[in-house]
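Visitor: If you scroll down you'll find the structure; I have some questions about it.
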Amino acid sequence: MYDLHAHLLPGLDDGPKAMDEAVEMARVAAQHGTKAILATPHMKDVNERSSVQHARDVLAELAKNTKATGIELSFFMGMENHLVPDLSAMFASGRALPINGSRYALVELPFFERPNYLEATLFQLQLQGITPVLAHPERIECVQKDAELLVAFVQRGMLSQITAGSLVGHFGADVRRFTEELLQRGLAHVMASDCHHASGPRSPKLTAGVAAATKLVGAEMAQAMVVDTPKAILENQTVKIGTPQSAGKKRKWWSLGR
Ligand SMILES: [Fe+2]
């Protein structure tokens, strides 16, 4: 499997504090079937507390230390780029990073607000040749309130990355149900761990999420989310996705449940 969202660089963000925990995360990932993992430290932390070059150096050290312990795992460099008005300029100057140097970039929308520059910033990235892969939309309030927003983004060529833990209830029952809905409506293209630690709900294990997705949409689609599609993204290939389904009518349970 290919994991495109992982906070595993020690000391870089809210992921592991030390190198030995990072190596342990690599061991857990490999043990549970992950063969390639993308380091995605938070853009803000990298630029404010260290640098992109330092992040690359730490990744190289992690890869070396992991290999020395006999663990087979390939590492790639990326970033979790949160939406800011000047994100386009951040990419142009190299302070925001795409996925392994490809045309794809992991972009995180604000959790609790819908800024007036949301659409314009995403479309600006597309004009720049960058395809946003929207990080865990199931946990983003403006998408929870209006899934049609995600439908519109996907129709405009963006991709969506759900988090494995969302499907097994690590972020609550409402998020789990909403993630299932996104899957069934063709609004989830990649499943990643968004791991922060070696164990617990933010571990690098993808297996439980894959099992839950398999029950819901079948093995072929579940495998595509952790193998075919993330592999194509990592290799800068064209990604084939189905047409997303609009909801027939507005969901009621979400507003009632909050
Ligand atoms: Fe993340």
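Residues 21 to 278 in my numbering are what the sequence shown spells out, letter by letter. We put the beta carbon where it would ideally sit given N, CA and C, even for glycine. Given the structure is predicted, the values throughout are model-derived calculations rather than measurements.
When we look at the beta-carbon of residue 164 and count the other beta-carbons within 10 Å, is it buried (16 or more) or exposed?
Guide: buried
Visitor: Indicate whether residue 288 and residue 185 have their beta-carbon atoms separated by less than 8 angstroms.
Guide: Only positions 21 to 278 of the chain appear in the structure, and residue 288 is not among them; the question remains open.
Visitor: Please enumerate, following chain order, all residues with a beta carbon closer than 5 angstroms to at least one heavy atom belonging to ligand 1.
Guide: 100 and 214
Visitor: Our contact map puts residue 131 next to residue 161 with C-beta atoms below 8 angstroms; I'd like the distance itself, whole angstroms only.
Guide: 6 angstroms
Visitor: How many Å lie between residue 47 and residue 137 at the Cα?
Guide: 40 angstroms
Visitor: Using the rule of at least 16 other Cβ atoms within 10 Å of the residue's Cβ for burial, across every protein chain shown, is residue 116 buried or exposed?
Guide: buried
Visitor: Cα separation between residue 30 and residue 41?
Guide: 8 angstroms
Visitor: Quick one: what's residue 155 bridged to in DSSP?
Guide: 181.
Visitor: Can you list, in chain order, the residues of its chain whose CB lies under 6 angstroms from that of residue 144, leaving out five sequence neighbours each side?
Guide: 108
Visitor: For a test of the three-state rule: what should DSSP assign to residue 65, helix, strand or coil?
Guide: helix
Visitor: Are there 16 or more other CB atoms within 10 angstroms of the CB of residue 277, so buried, or fewer, so exposed?
Guide: For residue 277, the pLDDT reaches just 38, beneath the cut-off of 50, and the residue's location in the model is therefore unreliable, although a value from the coordinates is still provided. Residue 277 is exposed by the Cβ-count criterion.
Visitor: Buried or exposed: residue 232, going by 16 or more other Cβ atoms within 10 Å of its Cβ?
Guide: buried
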